[in-house]
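Numbers given in this note's numbering equal positions in the sequence shown, counted from 1, plus 11.
By construction, the Cβ of each residue, glycine as well, lies at the ideal position given by its N, Cα and C atoms.
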Amino acid sequence: MEISNRKLLSRGVVAIGLVVAVSGVPGEGVAGERPDLSPVTWGAEANPLTEQKISTADKQFALQDELLGKARKFRSEEKFKEAVELYEQIMESLNGLEGSLADTRRETFGRELAETRRAWADNLIARAYSAMSDKRYNDALAFATEIRTVDPALQAKAEAMIEEFQKKRRNAEVQRDVSLETAAPSHASDKAKISLLLREAQVFYDNNKFDEARNRAEQVFLIDPYDVDAIALLNKIYRQLYSYGLARHEADTAGMVAYSDWSWAEPVFSATLSQGPSDSIQKQASNQGVYAKMERIVFPTIAFDDADIMAVIRFLNNRSKTFDPDKEGVNIATGMNSKTIEQLGRVTMNFTRIPMSEVLRYICQDTGLKYRIDGDNVFIGPEVDEMQVRNFQIRGDLISSITDGADAAGDGMDMGGGPMGGAPAGAAGGGGGAGAELGVAGAATDAKTFLTDASAGQVRKRVTEAALKKYFGDRGVMFFDGSSISYDKRSGRLSVKNTPENLRRLDELIRQLDAIEKPLIMVEIKGIEVSEEDLQELGFDWSMSAIGSVKTDASGNMVSGWLFGQGGGQSNPATRTVREGITGVNTALIDGWNFFPSLFGNVHPFGSDVPLNISLTINALSRNTRTETLAAPKVMTSNDRMASVRMVKSYQFPEDWDAYEIEDDDGNYTITAPVPSFGDETDIGIIFDVTPKVNADNYTITLEVNPTVTNYIGRDEYNIQVKGILTEYVRATDPSTGAFTGGTTLKQTKTTDRFNVWKPIISRRNVKVNVNVYDGETIILGGMIDATTTTRTDKWPILGDLPLVGRFFQSQSENITRNNLLLFVTTRLVGNDGVPIRRNRALGAPDFNR
């Protein structure tokens with residue numbers, strides 16, 4: 012189409028006799044395909060324009076050709092926006108030109124502009140669908156929106172694309188909102204962790220490292236407690252551990268048997284001793300390191316029965332190497348002679364799973380010996396100076412509390428004081444394990460600046476040795492002669508010289524004080540109330556009655572005639588109480604069986620003139636009832652503050668009754684019934700008051716427990732009868748005929764009004780206990796038992812005492828009711844963050860290394 016237009020344009024120019032001068036500026040890239048629209052030179056005879064207009068048109072044509080080349084280049088590079096801007100600039104420059112050439116150029120450039128816009132729109136369509144396939148919905152919508160401005164002819168298509176893209180974006184948003192990644196963001200990472208842990212567990216399992224494999228598999232349960240692969244792998248691991256455990260048990264048993272045999276064999280010494288140098292490297296251990304080693308050496312069993320002290324020391328020296336993880340053991344030395352050894356007491360003890368340090372401590376307590384750690388050795392003897400020096404890291408606010416509670420004018424050392432007397436500067440603390448040096452980090456400086464204002468200036472407040480000894484002595488750490496304690500403010504450390512036992516106590520105390528400053532106490536009460544009822548009844552009720560006659564019983568009720576028995580035509584009152592008041596059902600196995608009519612029919616054995624009948628009722632019941640009421644409330648309280656747990660129901664019972672009143676209103680008497688007056692509500696149930704107090708050691712708790720159990724038993728009733736004579740005038744009648752005789756007569760009638768007043772019967776069981784418990788331990792409060800036994804025996808005189816057959820003339824019942832209340836009280840120290848200070852593991856329950 013473009014080639015034909017160019018040919019027509021050339022022929023038109025030749026036909027009108029125009030002399031065309033080609034400037035030779037073709038378009039770049041596609042110049043051979045574009046029409047030659049170079050500037051022209053008009054002949055003087057055919058061009059009416061002036062030379063100035065011709066020159067101006069030539070310049071504009073040349074500028075248009077230059078812009079045209081750039082536009083075509085941008086279009087070939089798919090820079091459609093720049094190309095369209097250049098085309099629009101060219102079209103704008105053609106607006107002021109006239110002539111056929113300008114019209115031709117305007118038509119050609121307009122067509123190229125439209126083609127460029129269409130190519131731009133096609134490019135945007137392709138980019139929009141490409142972005143849509145990549146799920147870049149916002150970019151796709153932007154491209155589709157741009158199509159409307161680029162090519163208005165594609166307006167409808169662009170709208171359809173926008174609607175399609177919006178639908179797909181909404182669908183994608185819905186899918187994203189309900190996807191697993193959104194609902195459980197950590198699902199992918201959890202799966203990755205589980206996969207890694209299972210691979211590690213499998214590797215350890217394949218290499219027979221079953222403990223490590225079990226640890227990895229159990230860690231999976233912290234992420235997914237129901238992971239099937241972890242359960243299957245743990246099953247395999249436990250089976251392997253069980254098999255190896257059996258083998259280890261056999262090996263340990265054989266080892267113990269062999270040791271028992273060889274321990275009685277005399278040793279055989281070598282004839283020659285090696286004098287060669289030892290190549291072993293000796294470790295230099297501090298006192299603290301030796302104590303830590305004794306903590307690591309754990310004896311499975313220790314059993315001495317009236318053993319000699321030297322035999323015990325030899326046993327510890329030998330067995331410490333066996334159970335030492337480093338296989339080095341601890342050397343215990345003694346300088347005691349035989350006379351001193353004979354004066355010492357014998358050793359008798361039996362322990363399981365006990366560290367060597369505890370064994371040594373118990374031996375010293377039992378025999379009165381002392382021990383001291385010096386270098387790599389432990390010296391034990393009666394005259395050994397057991398005082399050791401050790402440093403403890405301590406909080407500044409704890410020192411502040413000691414200072415505030417002490418007398419600032421007392422003797423003491425400056426808080427910035429140096430080493431304690433008798434100990435070299437920088438001496439390491441001996442004994443007592445790892446110590447509290449690993450306590451609160453950054454406590455080297457105090458939280459408070461102990462300064463007081465004085466007339467002479469600022470004087471530093473001093474922590475006295477007496478104040479420190481009193482503070483820690485009140486909490487179980489004893490300071491004997493030769494012991495001392497001081498505080499160094501610069502390092503935030505306590506320097507203590509004391510026995511190993513007191514150093515150990517001080518270590519535990521400082522650790523507890525670091526863990527909690529103002530403890531809270533959580534009290535958990537588990538109440539179990541068990542109610543049991545055992546009811547047994549077997550009775551034979553006989554009665555003899557006269558058939559057809561009517562008599563009145565003791566209560567004034569009309570019944571069928573009876574001569575004797577346990578009640579003809581009525582139930583035994585005692586039996587009725589058991590049958591109706593307790594069970595609520597009829598317990599009669601045989602109810603009112605007529606003896607003679609059943610055997611003889613209408614024949615009267617005593618004659619027709621003596622219509623007697625004997626009836627039999629057999630009552631039988633056996634019932635056991637057990638009721639358990641469980642409650643487990645928890646309450647949190649502060650130190651030395653009472654906490655109350657009330658598991659009750661509140662009722663209002665009458666406390667008093669107003670007296671009845673009789674009002675006389677001109678011969679009309681009105682009786683006002685007694686009205687009850689109610690007071691405060693009465694709580695029926697369990698009220699548990701507990702006051703916990705944390706002792707100075709921050710481990711034991713003094714509990715003042717006061718549980719009260721209140722039960723509603725029944726009513727204490729009292730019937731009030733108001734008896735009187737009602738006097739009134741009535742019309743007179745003839746007594747014989749009943750006819751009215753005229754006039755009136757005085758009539759008196761006896762009347763009785765009954766009122767029932769009652770008060771509740773309340774039972775209370777109260778226990779007040781004051782007991783010391785350890786943190787996390789449970790105490791059981793019992794003994795609040797209420798047992799009632801009701802026994803009834805009814806029998807016929809003489810007949811009921813006959814052997815064998817006498818039981819058929821007796822009615823016996825027994826009702827046993829027991830109520831027992833057990834209270835399990837657990838107290839735990841809780842930090843200010845709500846986490847228990849000490850963690851108690853449930854025995855037998857896996858903790859999965861939490």
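For this session: List the residues that DSSP assigns as beta-bridge partners of K704.
Result: The residue labelled residue 704 in the question sits at position 693 within the sequence shown. Partner(s): T713.
Exercise. Using the beta-carbon count (16 or more within 10 Å), is Y662 buried or exposed?
Worked result: Against the sequence shown, residue 662 aligns to sequence position 651. Classification for Y662: exposed.
Exercise. Just to confirm, are V733 and D764 a CB contact at a threshold of 7 Å?
Worked result: Stepping through the sequence shown from its first residue, residue 733 is reached at position 722. Stepping through the sequence shown from its first residue, residue 764 is reached at position 753. It is a contact, given that the beta carbons lie within the stated cut-off.
Exercise. When burial is assigned at 16 or more other CB atoms within 10 Å of the CB, is G340 buried or exposed?
Worked result: Translated into the one-based positions of the sequence shown, residue 340 becomes position 329. By the neighbour-count rule (16 or more Cβ atoms within 10 Å), G340 is buried.
Exercise. By the 10 Å Cβ neighbour count, where 16 or more other Cβ atoms means buried, how is S141 classified, buried or exposed?
Worked result: Taking the sequence shown and counting its residues from 1, one reaches residue 141 at position 130. By the 10 Å Cβ count, S141 comes out exposed.
Exercise. Going by beta carbon distance, what residues of the same chain come within less than 6 Å of R657, once the five residues before and after it are set aside?
Worked result: Counted from its first residue, the sequence shown places residue 657 at position 646. Once the five neighbours on either side are set aside, the close Cβ partners of R657 are I698.
Exercise. Say the cut is 6 Å; is the CB of N767 nearer than that to a heavy atom of the ligand SAM?
Worked result: Among the components of this structure there are no ligands whatsoever, and the ligand SAM is therefore not found.
Problem set entry | Separation of V309 from F334, as counted between CA atoms | The residue labelled residue 334 in the question sits at position 323 within the sequence shown. The residue labelled residue 309 in the question sits at position 298 within the sequence shown. About 7 Å.
Exercise. When the Cα of Q404 is compared with those of W604, V358, S506 and A798, which residue comes out closest?
Worked result: Taking the sequence shown and counting its residues from 1, one reaches residue 404 at position 393. Of the candidates W604, V358, S506 and A798, the one whose C-alpha sits nearest the C-alpha of Q404 is S506.
For this session: Answer yes or no: does any C-beta atom of chain C fall closer than 7 Å to that of L832?
Result: Of the protein chains in the structure, only one exists, and it is not chain C.
For this session: Give me the Cα-Cα distance between R634 and S626, rounded to the nearest whole angstrom.
Result: Translated into the one-based positions of the sequence shown, residue 634 becomes position 623. Translated into the one-based positions of the sequence shown, residue 626 becomes position 615. Each residue's Cα considered, the two are about 27 Å apart.
Exercise. Which word fits S495, buried or exposed, when buried means at least 16 other C-beta atoms lie within 10 angstroms of its C-beta?
Worked result: Sequence index remark: in the sequence shown, residue 495 carries index 484 (1-based). So S495 ends up on the buried side.
Exercise. Is L208 near V231, with beta carbons less than 7 Å apart?
Worked result: Taking the first residue of the sequence shown as 1, we reach residue 208 at position 197. Taking the first residue of the sequence shown as 1, we reach residue 231 at position 220. Yes, these two residues count as a Cβ contact at 7 Å.
Problem set entry | the segment 784-802 touching the segment 820-832, judged by at least three CB pairs closer than 8 Å | yes
For this session: In the DSSP assignment, find the alpha helix (DSSP H) that holds M143 and state where it starts and stops.
Result: Here residue 143 refers to the residue found at position 132 when the sequence shown is read from its first residue. Counting along the chain, the alpha helix (DSSP H) containing M143 begins and ends at S111 to S144.
For this session: Per DSSP, which residues does V656 bridge with? Please list them.
Result: Counting from 1 along the sequence shown, the entry for residue 656 is found at position 645. Paired residue(s): F699.
For this session: Would you decide whether T264 is buried or exposed? Buried here means 16 or more other CB atoms lie within 10 Å of its CB.
Result: For the purposes of this step, residue 264 is identified with residue 253 of the sequence shown, where counting begins at 1. Counting Cβ neighbours within 10 Å, T264 comes out exposed, since fewer than 16 surround it.
For this session: Inspect the CB distances between the segment 351-362 and the segment 370-390 and report whether three or more fall short of 8 Å.
Result: yes
Exercise. Does the distance from the C-beta atom of V782 to that of L714 stay below 7 Å?
Worked result: Position 771 of the sequence shown, counted from the first residue, corresponds to residue 782. Position 703 of the sequence shown, counted from the first residue, corresponds to residue 714. Cβ atoms of V782 and L714: closer than 7 Å.
Exercise. Which residue spans inside the segment 187-217 form an unbroken alpha helix (DSSP H) run of at least 4?
Worked result: 191-194 and 198-217
Exercise. Which class does G690 belong to by DSSP, given the choice of helix, strand or coil?
Worked result: Within the sequence shown, the letter at position 679 stands for residue 690. If DSSP states are grouped into helix, strand and coil, G690 belongs with coil.
For this session: Locate the alpha helix (DSSP H) running through I234, then write down its first and last residues.
Result: Position 223 of the sequence shown, counted from the first residue, corresponds to residue 234. First-last of the alpha helix (DSSP H) with I234: F221 to I234.
Exercise. With distances taken from CA atoms, which of A212, P703, E223 and S649 is nearest D240?
Worked result: As a working note, residue 240 is residue 229 in the sequence shown. The shortest Cα separation from D240 among A212, P703, E223 and S649 belongs to A212.
Exercise. Are the segment 818-825 and the segment 540-552 in contact at 8 Å, needing three or more beta carbon pairs?
Worked result: yes
For this session: State the CB to CB distance for the pair A113 and A94, rounded to an integer number of angstroms; the pair is presumed to be in contact (CB under 8 Å).
Result: Start at 1 with the first residue of the sequence shown, and residue 113 comes out as number 102. Start at 1 with the first residue of the sequence shown, and residue 94 comes out as number 83. Going by Cβ atoms, the distance from A113 to A94 rounds to 22 Å, so no, they are not a contact pair.
Problem set entry | Counted within 10 angstroms of its Cβ, other Cβ atoms place E126 as buried (16 or more) or exposed | Position 115 of the sequence shown, counted from the first residue, corresponds to residue 126. That one is exposed.
Problem set entry | DSSP three-state assignment for Q166, whether helix, strand or coil | As a working mapping, residue 166 is identified with position 155 in the sequence shown. Q166 falls in the helix class under three-state DSSP.
Problem set entry | Contacts around G845, its chain only, beta-carbon distance under 6 Å, and the 5 residues preceding and following it disregarded | As a first step, residue 845 is located in the sequence shown; it is residue number 834 there, counting from the start. Contacts found: none.
For this session: Whole angstroms is fine: what's the gap from E229's alpha carbon to A654's?
Result: Taking the sequence shown and counting its residues from 1, one reaches residue 229 at position 218. Taking the sequence shown and counting its residues from 1, one reaches residue 654 at position 643. Roughly 40 Å between the two C-alpha positions.
Problem set entry | Cβ contact (3+ pairs, closer than 8 Å) linking the segment 807-820 and the segment 784-796 | no
Problem set entry | Nonlocal neighbours in the same chain, by C-beta distance under 7 Å from V638, ignoring five residues either side | Residue mapping note: residue 638 aligns to position 627 of the sequence shown, counting from 1. The displayed chain sequence assigns Thr, not Val, to residue 638. S542.
For this session: Just the C-alpha distance for D387 and G487, rounded to the nearest angstrom, thanks.
Result: Residue mapping note: residue 387 aligns to position 376 of the sequence shown, counting from 1. Residue mapping note: residue 487 aligns to position 476 of the sequence shown, counting from 1. Between D387 and G487, the C-alpha separation is close to 30 Å.
For this session: Go through its chain and collect everything with a Cβ distance to I343's Cβ below 7 Å, but skip five positions before and after it.
Result: The residue you call residue 343 lines up with position 332 of the sequence shown. Excluding residues within five positions, the ones whose Cβ falls inside 7 Å are I324, L327, N328, V389 and I391.
Exercise. Would you say the segment 710-727 touches the segment 767-786, given that touching needs at least three Cβ pairs under 8 Å?
Worked result: yes
Exercise. Just the Cα atoms here: how many angstroms apart are N149 and R839?
Worked result: As a working mapping, residue 149 is identified with position 138 in the sequence shown. As a working mapping, residue 839 is identified with position 828 in the sequence shown. Rounded to the nearest angstrom, the two C-alpha atoms are 59 Å apart.
Problem set entry | P511 in three-state terms, based on DSSP | Stepping through the sequence shown from its first residue, residue 511 is reached at position 500. P511: helix per DSSP, three-state reduction.
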